[in-house]
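J.: Below is a structure I'd like to ask you about.
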Amino acid sequence: MENFTPISAFAGGLMIGGAAIVLLLFNGRVAGISGIAGGLLAPMRGDALWRIVFLAGLAVGPVLYSLATGEAISIDVTSSVPALIIGGFLVGFGSSAGSGCTSGHGVCGLARFSKRSLVATATFMAAALITVYLTRHVFGVLS
489 MENFTPISAF AGGLMIGGAA IVLLLFNGRV AGISGIAGGL LAPMRGDALW RIVFLAGLAV
549 GPVLYSLATG EAISIDVTSS VPALIIGGFL VGFGSSAGSG CTSGHGVCGL ARFSKRSLVA
609 TATFMAAALI TVYLTRHVFG VLS
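Okay, here's the thing in C-alpha cells:
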C-alpha cells in the first residue's frame, strides 16, 4: 500500500456509515448499491428519484472532494474492455446469487448483526483473497 492515508480512509468510512444511517432512518432503505441500481431497471411508482440522487452522489462526491482538496482524480484502467465486461457480468451474477452486494451486506447488514450478511461478507472476502493469490502468485497476471 503505497498511498495509505488513514485520515482520508477514516473520513470516508464515517461518510459511508453516515450515508447508510441517513438512508435507513429517513427512507427505510438499506444502502446496497446493487439493489439501488437494480431498482432503477423496474422502478416502482415514485421510487426512482431517491435512487438517482443516491447514485449521482456516488459520482459527484469524488469530484467535490477533488475540488475541495485540489487533488486531481486519477483513474487508470489497465484491463481490456472484454475483461471489464466479463467482470461486470460476474459481479452482477454474484450480487444476484448472494442477494446483495458488498455494500449492502458488508456495511449495512453487518451493522444490523445479520447472520446472512456475515456469511455473505466472509464469502466475498475469501473469494477476493483466493482471486488475488491466484492472479498474482499462480498466474502472474497482476504482479
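Just so we're aligned, residue 489 is where the sequence shown starts under this note's numbering, counting upward by one. Even for Gly, the Cβ is constructed at its ideal location relative to N, Cα and C. These numbers come from a predicted model, not from an experiment.
For a test of the three-state rule: what should DSSP assign to arginine 600, helix, strand or coil?
T.: coil
J.: Find the nearest neighbour of glycine 526 within the set Ala571, Ser587, Ser568, judged by alpha-carbon distance.
T.: Ser587
J.: Can you tell me the Cα-Cα spacing of alanine 610 and leucine 617, whole angstroms?
T.: 11 Å
J.: Given that a residue counts as buried once 16 or more other Cβ atoms are within 10 Å of its Cβ, and exposed if not, what is isoleucine 629?
T.: Checking the sequence, you will find valine at residue 629 rather than isoleucine. With fewer than 16 other Cβ atoms within 10 Å, it is exposed.
J.: Go to asparagine 491, then tell me how far its alpha helix (DSSP H) extends in each direction, as first and last residue.
T.: Here asparagine 491 belongs to no alpha helix (DSSP H), and DSSP marks it neither H nor E.
J.: Does the separation of the CB atoms of arginine 539 and leucine 529 fall below 8 Å?
T.: no
J.: Could you check whether the stretch 579–599 touches the stretch 503–511, counting it as contact only if at least three pairs of C-beta atoms, one from each stretch, sit closer than 8 Å?
T.: yes
J.: Measure the alpha-carbon distance for serine 584 versus alanine 547 and round it to whole angstroms.
T.: 23 Å
J.: Is the beta carbon of isoleucine 495 less than 8 Å from the beta carbon of serine 591?
T.: Cβ atoms of isoleucine 495 and serine 591: not closer than 8 Å.
J.: So is serine 605 buried or exposed if we call it buried at 16+ other beta carbons inside 10 Å?
T.: Serine 605 counts as buried, since at least 16 other C-beta atoms from the protein chains shown sit within 10 angstroms of its C-beta.
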